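Colleague:
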Amino acid sequence: MDYEVKPAEGRLGILIPGLGAVATTFIAGVEAVKKDLAKPVGSLTQMGRIRLGKRTENRHPLIKDFVPLAELSDIVFGGWDVYSDNVFEAAVNARVLEPMLLHAVKPELERIVPMQAVFDKAYARNLVGTNVKEGADKMELAEMLMEDIRNFKEINNCDRLVMVWCGSTEIYIEHAEVHETLAAFEEGLRQSDPRIAPSMIYAYAALKMGVPFANGAPNLTVDIPAMVELAKENGIAISGKDFKTGQTLMKTILAPGLHARALGVKGWFSSNILGNRDGLVLDAPENFKTKEVSKLSVLDEIFKPESNPELYGDMYHKVRINYYPPHGDNKESWDNIDIFGWLGYQMQIKINFLCRDSILAAPLVLDLALFTDLAQRAGMSGIQEWLSFYYKSPQTAEGLAPEHDIFKQLMKLQNTLRHLMGEDLITHLGLDYYQDLVDTL
Ligand SMILES: NC(=O)c1ccc[n+]([C@@H]2O[C@H](COP(=O)([O-])OP(=O)(O)OC[C@H]3O[C@@H](n4cnc5c(N)ncnc54)[C@H](O)[C@@H]3O)[C@@H](O)[C@H]2O)c1
């Protein structure tokens, strides 16, 4: 299939449900980068390069010079939150970025005031906020969100919009009948079905308005057949779920290496402490469960114990998250990995990652917003599996196992960009560099 990518003309509105630590670190960061006060480190769209053609051609352009992405100066931000603090106040409260940096972008941040949220404490009981919409049923709430989207687009003179969910992790919800078809889902909205979480109401409103959606939390949100149906029907790009940062990022970097060398793994114990609002929400067991399922899925897919029982059949994998306020957004994680090598001899690997949660997540929000907008302009609709690179628990077509290995995910992302721009895909075969050898085979 040939793609014709429309140019990134005009203004791009990035709409964010949940203006907490991640979203404010992202927005303040983009404003700081625009003023040349800091660099967008960690963002592939801003700092990453891509190889084109043969190694001998030496072509490695910046990704942003290769594919037509929106310029940072063309971005406008908006969002919703259950707290009414503007983005400057919320960023100060999140205590991720230094006051000096925040003050340098204060006017830009103060201007962004959250719209009233669609929220229900039943889905995140540790939150108390009053900036919340009231409606007769969930369908009415969805219509109110659509009105917000329409107004935002008009007031800010936007040509295109994308939505990136940066709201809290909701309680664990399983696939149910109400999620199966669009008709059942819409009936569920009218009946205010409890299995329709607030994040699904935002996603529904976005897709109805032609706005592509990326999900940074482990909630089901767009990962249900009803949303896939709506996305296909309206020709809209969707992806999810759960930003891949911190411990899971390390896991999907390290595990493919152990697997590649056929080293065995007996156990992988992962523990975290964090003290931000995300940690507070995850302190409720029903919210932690959503995160746990997302974090646990990673290793099985990489090691495939069923096809490698001698190496991974007995692997014990455990993940704990503990709320510890003194650390704020500076999450600390420990991994104890029991591995074994030649003749079954045991070894251990210990990882102690002192990370900054929102510093790792902010560039992912930017990349997801820009790549999702690119996909939409290229006419790619439905699930964008090539964005798996950014997620702990990538959304895939029904029955298709997700790819968790970060290096395969990167190859998929880069080949998608090459494909979109009509460049040769890179298979890394490389035999043609040794043509003499090939001729003799
Ligand atoms: N920081 C990371 O490394 C990382 C990694 C993966 C996933 N995430 C996920 O990203 C999300 C944001 O993380 P954070 O650290 O910014 O959390 P946060 O608690 O600082 O921010 C979330 C915000 O969402 C708001 N919110 C909750 N429900 C809402 C609703 N229905 N409508 C509008 N606003 C709502 C909350 O009031 C809060 O301000 C969380 O779900 C988290 O699990 C973060």
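My numbering numbers the first residue of the sequence shown as 942 and each following residue consecutively.
Every residue, glycine too, gets a C-beta built ideally from N, C-alpha and C.
Here the structure is a predicted model, which means the values were calculated and not measured.
Which partner residues of residue 1213 appear in the DSSP bridge assignment?
Modeller: Here the question's residue 1213 lines up with position 272 in the sequence shown. Residue 1213 is bridged to 1262, 1274.
Colleague: If you check the beta carbons only, do residue 1268 and residue 1187 fall under 7 angstroms apart?
Modeller: Counted from its first residue, the sequence shown places residue 1268 at position 327. Counted from its first residue, the sequence shown places residue 1187 at position 246. Against a cut-off of 7 angstroms, the Cβ pair of residue 1187 and residue 1268 comes out as no contact.
Colleague: Tell me whether residue 1224, by its Cβ, gets closer than 6 angstroms to a heavy atom of ligand 1.
Modeller: Taking the sequence shown and counting its residues from 1, one reaches residue 1224 at position 283. Because no heavy atom of ligand 1 lies under 6 angstroms away, the Cβ of residue 1224 does not count as near it: no.
Colleague: For a test of the three-state rule: what should DSSP assign to residue 1177, helix, strand or coil?
Modeller: The count along the sequence shown starts at 1 and reaches residue 1177 at position 236. If DSSP states are grouped into helix, strand and coil, residue 1177 belongs with coil.
Colleague: Got a sec? Which residues, its chain only, sit under 6 angstroms from residue 1146 by beta carbon, not counting five neighbours each side?
Modeller: Mapped onto the sequence shown, residue 1146 falls at position 205. Answer for residue 1146: 1083, 1086, 1087, listed in chain order.
Colleague: What are the partner residues of residue 958, as DSSP defines its beta bridges?
Modeller: Translated into the one-based positions of the sequence shown, residue 958 becomes position 17. DSSP lists 1021 as partners of residue 958.
Colleague: Can you tell me whether residue 1111 is buried or exposed, with buried defined as 16 or more other CB within 10 angstroms of its CB?
Modeller: What you label residue 1111 is simply residue 170 of the sequence shown in a count that begins at 1. That one is buried.
Colleague: Classify residue 1350 as buried or exposed, calling it buried when 16 or more other Cβ atoms lie within 10 Å of its own Cβ.
Modeller: Taking the first residue of the sequence shown as 1, we reach residue 1350 at position 409. So residue 1350 counts as buried.
Colleague: Reducing DSSP to helix, strand and coil, say where residue 1034 ends up.
Modeller: For this step, residue 1034 is matched to residue 93 along the sequence shown. Three-state DSSP puts residue 1034 in a helix.
Colleague: So, with DSSP's three-state summary, where would you put residue 1342?
Modeller: As a working mapping, residue 1342 is identified with position 401 in the sequence shown. Coil.
Colleague: Tell me the DSSP secondary structure of residue 929 in three-state form.
Modeller: Not covered by the structure: residue 929. The range shown for the chain is 942 to 1382.
Colleague: Since residue 1173 and residue 1323 should fall inside the 8 angstroms C-beta cutoff, what is the C-beta to C-beta distance between them, to a whole number of angstroms?
Modeller: Translated into the one-based positions of the sequence shown, residue 1173 becomes position 232. Translated into the one-based positions of the sequence shown, residue 1323 becomes position 382. Residue 1173 to residue 1323, Cβ: 5 angstroms. Contact.
Colleague: Decide if residue 1345 is buried, meaning its Cβ has at least 16 other Cβ atoms within 10 Å, or exposed.
Modeller: In the sequence shown, residue 1345 corresponds to position 404, counting from 1. Answer is buried; the Cβ neighbour count reaches 16.
Colleague: Say yes only if the C-beta of residue 1343 is nearer than 6 angstroms to one or more non-hydrogen atoms of ligand 1, and no if none qualify.
Modeller: What you label residue 1343 is simply residue 402 of the sequence shown in a count that begins at 1. No, Cβ of residue 1343 sits at least 6 angstroms from all heavy atoms of ligand 1.
Colleague: Suppose you measure from the CA of residue 1298 to the CA of residue 970; what does that come to, to the nearest Å?
Modeller: One-based indexing of the sequence shown puts residue 1298 at position 357. One-based indexing of the sequence shown puts residue 970 at position 29. Near 14 angstroms, if we compare the C-alpha coordinates of residue 970 and residue 1298.
Colleague: Using the Cα positions of residue 1046 and residue 964, report the straight-line distance between them to the nearest angstrom.
Modeller: In the sequence shown, the residue the question calls residue 1046 occupies position 105. In the sequence shown, the residue the question calls residue 964 occupies position 23. So the two alpha carbons sit approximately 15 angstroms from each other.
Colleague: Could you name the residues of the same chain whose beta carbon sits closer than 7 angstroms to that of residue 1221, not counting the 5 residues immediately before and after it, in chain order?
Modeller: Working through the sequence shown from its first residue, we reach residue 1221 at position 280. Taken in chain order, the residues that qualify are 1067, 1264.
Colleague: Quick check on the DSSP output: what are the complete alpha helix (DSSP H) runs of length 4 or more inside the region 950-1007, in order along the chain?
Modeller: Those alpha helix (DSSP H) runs which fall completely within the region 950-1007 and span 4+ residues are 962-975, 985-988, 1004-1007.
Colleague: Residue ranges of each alpha helix (DSSP H) run of no fewer than 4 residues wholly in the region 1099-1165, ordered along the chain?
Modeller: The qualifying runs are 1123-1131, 1139-1149.
Colleague: Let me know if residue 1001 comes out buried or exposed under the rule of 16 or more other beta-carbons within 10 Å of its beta-carbon.
Modeller: The count along the sequence shown starts at 1 and reaches residue 1001 at position 60. The residue is exposed, with fewer than 16 neighbouring Cβ atoms inside 10 Å.
Colleague: Hey, out of 1064, 1057, 1104, 1079, whose CA is closest to residue 1425's CA?
Modeller: Since the first residue shown for the chain is 942 and the last is 1382, residue 1425 is missing from the structure and cannot be characterised.
Colleague: Just reading off the beta strand (DSSP E) that residue 1393 is part of, what are its end residues?
Modeller: The structure shown does not extend to residue 1393, since the chain is modelled only from 942 through 1382, so no value can be given for it.
Colleague: Tell me where the alpha helix (DSSP H) around residue 1220 begins and ends.
Modeller: Taking the first residue of the sequence shown as position 1, residue 1220 is located at position 279. 1218-1223 is the span of the alpha helix (DSSP H), which, as asked, contains residue 1220.
Colleague: Counting only the same chain and skipping the five closest in sequence on each side, list residues whose C-beta sits under 7 angstroms from that of residue 950.
Modeller: As a position in the sequence shown, residue 950 is number 9, starting the count at 1. So the qualifying residues of the chain are 1100.
Colleague: Thinking just about the alpha-carbon of each residue, which of 978, 1177, 1090 is nearest to the one in residue 1039?
Modeller: As a working mapping, residue 1039 is identified with position 98 in the sequence shown. The shortest Cα separation from residue 1039 among 978, 1177, 1090 belongs to 978.
Colleague: For residue 1207, which three-state DSSP category applies?
Modeller: The count along the sequence shown starts at 1 and reaches residue 1207 at position 266. Reduced to three states, the DSSP call for residue 1207 is strand.
Colleague: Quick check on residue 1303: buried or exposed, where buried means 16 or more other Cβ atoms within 10 Å of its Cβ?
Modeller: As a working mapping, residue 1303 is identified with position 362 in the sequence shown. Under this definition residue 1303 is a buried residue.
Colleague: Please classify residue 1282 as buried or exposed, where buried requires at least 16 neighbouring CB atoms within 10 angstroms.
Modeller: Looking up residue 1282 in the sequence shown gives position 341. Exposed, by the Cβ-count rule.
Colleague: Do the CB positions of residue 1182 and residue 1332 come within less than 7 angstroms of each other?
Modeller: The residue given as residue 1182 occupies position 241 in the sequence shown. The residue given as residue 1332 occupies position 391 in the sequence shown. In contact: residue 1182 and residue 1332 (Cβ atoms closer than 7 angstroms).
Colleague: Give the straight-line distance between the Cα atoms of residue 1060 and residue 1131, rounded to the nearest whole angstrom.
Modeller: By one-based count along the sequence shown, residue 1060 stands at place 119. By one-based count along the sequence shown, residue 1131 stands at place 190. So the alpha carbons of these two residues sit roughly 16 angstroms apart.
Colleague: Nearer than 6 angstroms: is that true of the beta carbon of residue 1218 relative to any heavy atom of ligand 1?
Modeller: Locating residue 1218 in the sequence shown gives position 277, counting from the first residue. Because some heavy atom of ligand 1 lies under 6 angstroms away, the Cβ of residue 1218 counts as near it: yes.
Colleague: I'd like the list of long-range same chain contacts for residue 1113, defined as Cβ closer than 8 angstroms, with 5 residues on each side in sequence excluded.
Modeller: For the purposes of this step, residue 1113 is identified with residue 172 of the sequence shown, where counting begins at 1. Hits under 8 angstroms: 1227, 1228, 1230, 1231, 1234.
Colleague: In angstroms with no decimal places, state the Cα-to-Cα distance between residue 1156 and residue 1286.
Modeller: As a working mapping, residue 1156 is identified with position 215 in the sequence shown. As a working mapping, residue 1286 is identified with position 345 in the sequence shown. If I take the Cα positions, the gap works out to 42 angstroms.
Colleague: Pairs of beta-carbons, one from the region 1250-1257 and one from the region 1197-1207, closer than 8 angstroms: are there three or more?
Modeller: Yes, the region 1250-1257 touches the region 1197-1207.
Colleague: Does the beta-carbon distance from residue 1292 to residue 1276 come in below 7 angstroms?
Modeller: Reading the sequence shown from its first residue, position 351 is the one you call residue 1292. Reading the sequence shown from its first residue, position 335 is the one you call residue 1276. Cβ distance < 7 angstroms, so residue 1292 and residue 1276 count as in contact.
Colleague: Hey, out of 1271, 1313, 1306, whose CA is closest to residue 1294's CA?
Modeller: By 1-based counting over the sequence shown, the position of residue 1294 is 353. With distances taken between Cα atoms, residue 1294 lies closest to 1271.
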